[in-house]
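For reference, each letter of the sequence shown is one residue, going 1 to 385 in full-length UniProt numbering.
Where is the CB? At the ideal position from N, CA and C, for every residue including glycine.
Quantities reported herein were computed from a predicted structural model and do not represent experimental measurements.
Worksheet: the structure to be examined is printed underneath.
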Amino acid sequence: MAFNPYTQNITIIGPPDYPPILIPITLIDTFNDETVSIVINYGAQLGASLTMLLVILLTTPSSKFLRASCLLHVLALIVCAVRTVFLAFYFLSPFSHFYQVWSGDYSQIPAWNYRTSIAGTILSMFLAVIAEGALMYQAWTMVSLFANKAKYAIFFLSLLIILITTAFRVAFTVVQCESILSLESSQKYAWLFKTALIFNTCSMAWFCALFNSKIVHHLISNRGVLPSRRAMTPMEVLIMANGILMFIPFIFAILEWCHFINFEAGSLTPTSIAIVLPLASIAAQRISQAPSTPSSEPSYPSSSYQAQYKSTRDSSRTPLKSGSLFSAISKTSSATRSHVADTTVLAPVRDVIDPIDLELRQIDGYAQPKEIHSRAEAGESQLHK
């Protein structure tokens, strides 16, 4: 039989009372490949978190920086970046050195290496809690236009899911920290890990379904026709972006049930939430600020602009508003909206007081109601001139 150098063993000599340890080269290569893939994963998360943090800091006006949604996003990204550094540092510590890994002798590891590992574990828990809080806040922003019964029913159900998920996450973190300190396997708590994973997946599925409920309702009622980009308000952008982007953490939560050798999906679920949630808010914020830029509104002749306004603001051509699942507007408010549309038919499209747009700006601070009224009045006065 021909000699195959790739199947030979590496021998570690231990104390005289212990037999030598034989380690196959293939097993060492597998371990190194997995280590490299995890470090690359952490590096990608760190880069994406820092990039999104810079985007938020550079694009968010100072007057809106202290909003609850912005603070949650910034806090989640900061915690994500610091936690990822601690997790990646594990592979630079003696915990991942050759002799310690393959001999199981961790007696010479300094105490501060234990503390950094525990810090990474605790920060991972904090990131998961902050991500759940950001999801809750984003969900409340979207369902605030529901009828009161539906709104509060969804609120309490979402809160219950978050509390249960957070409780199991905290218990899971406590067990992990105890295992790090004692250097003992936590296999006896496998039921706790699986339960925490079940509720984490349920939480991602619930918010993904909630964020996509209006889009699904619209597609069913309008036979798969989506509104054009120019016809969408900031609230519609927020709804569509949240719904589409929430599939990313949901997919990562599903992948946590699979066992990949060179891919770790567990840390990607809260990181993806911290990264994708600000994208929808930034997009809605950019659209809501568009009227403040003089060059952003094209000039049209009065007749063509009136035709364009009718084509974009007609209820049948604005599908996300007609038959809206999120809408709790009464007949009176609908009549008021039609009256406003009739009296300001030549005003710029985004200056018309739209209830959904107005509600979004009141919730997330995109503009104050007085500013919207003043812009509408300015448009009317300019037309009368």
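For residue i and residue j, I'd like the C-alpha separation in whole angstroms.
i, j, result
"Ala265", "Ser179", "21 Å"
"Leu192", "Val74", "31 Å"
"Ser124", "Ile38", "15 Å"
"Trp102", "Phe31", "10 Å"
"Thr116", "Ser221", "53 Å"
"Leu53", "Gln8", "48 Å"
"Ile329", "Glu256", "At Ile329 the pLDDT is 35, less than 50, meaning the model places this residue with poor confidence; the figure from the coordinates comes in the next sentence. Rounded to the nearest angstrom, the two C-alpha atoms are 41 Å apart."
"Leu279", "Ala147", "27 Å"
"Tyr152", "Ala139", "12 Å"
"Ser96", "Tyr90", "7 Å"
"Pro19", "Ile13", "7 Å"
"Tyr189", "Thr60", "44 Å"
"Leu92", "Leu27", "20 Å"
"Leu57", "Ala241", "20 Å"
"Leu71", "Leu127", "14 Å"
"Trp112", "Pro94", "11 Å"
"Ile122", "Phe156", "27 Å"
"Val175", "Thr201", "20 Å"
"residue 435", "Tyr106", "Limits of the chain in this structure are 1 at one end and 385 at the other, which puts residue 435 out of reach."
"Leu219", "Ala44", "35 Å"
"residue 398", "Val237", "Nothing about residue 398 can be reported from this structure: the residues present for the chain run from 1 to 385 only."
"Pro15", "Tyr99", "13 Å"
"Phe252", "Ala205", "11 Å"
"Phe254", "Phe260", "Strictly speaking, residue 254 in this sequence is Ile, with Phe absent from that position. Rounded to whole angstroms, Ile254 to Phe260 spans 12 Å at the Cα level."
"Ala283", "Cys177", "39 Å"
"Thr141", "Lys149", "16 Å"
"Tyr137", "Val55", "21 Å"
"Leu159", "Ile78", "24 Å"
"Val143", "Ala88", "38 Å"
"Ser17", "Val129", "Residue identity check: residue 17 is Asp in the sequence provided, not Ser. Spanning the two alpha carbons is a distance of roughly 48 Å."
"Asp29", "Asn4", "15 Å"
"Ile154", "Ile40", "39 Å"
If you drop the 5 nearest sequence neighbours on each side, which residues of the same chain put their C-beta closer than 8 Å to that of residue i?
i, result
"Ala48", "Thr271 and Ile275"
"Tyr114", "Ile180 and Leu181"
"Tyr6", "Ile25 and Thr26"
"Ser69", "Ala134, Tyr137, Gln138, Thr141, Ser281 and Asp364"
CB-CB under 7 Å to residue i, same chain, minus the five flanking residues each way: which ones, in chain order?
i, result
"Leu46", "Ala81, Thr84 and Val85"
"Ala131", "Ala76, Pro270, Ile273 and Ala274"
"Asn262", "Asp33, Glu34 and Ser37"
"Ser203", "Glu132, Ile161, Ile162 and Thr165"
"Gly243", "Phe211, Asn212 and Ile215"
"Leu183", "Tyr106"
Measure from the C-beta of residue i to each C-beta in chain B and report whether the shortest distance is under 8 Å.
i, result
"Asn4", "Protein chain content of the structure displayed is limited to a single chain, and chain B is not contained in it."
For residue i, list the residues DSSP reports as bridge partners.
i, result
"Leu22", "Thr11"
Mind checking residue i: buried by the 16 CB within 10 Å criterion, or exposed?
i, result
"Gly104", "exposed"
"Asn212", "buried"
"Phe172", "buried"
"Ala134", "buried"
"Lys214", "buried"
"Ile239", "buried"
"Cys258", "exposed"
"Ser63", "exposed"
"Leu268", "buried"
"Tyr42", "buried"
"Ala209", "exposed"
"Thr51", "exposed"
"Leu277", "buried"
"Thr11", "exposed"
"Phe207", "buried"
Spatial neighbours of residue i within its chain, please: CB distance less than 6 Å, with the 5 preceding and 5 following residues excluded, ordered by chain position.
i, result
"Ala119", "Phe86"
"Ile109", "Pro94"
Should residue i be counted as a contact of the ligand NAP given a C-beta to heavy atom distance under 7 Å?
i, result
"Leu58", "Absence of the ligand NAP from the depicted structure is noted, as is the absence of any ligand whatsoever, leaving it without description."
Query raised in the report: Would you call the stretch 165–173 and the stretch 185–205 touching, i.e. three or more CB-CB distances under 8 Å?
Result: yes
Query raised in the report: Does the pairing of the stretch 21–29 with the stretch 244–252 give three or more beta-carbon distances under 8 Å?
Result: no
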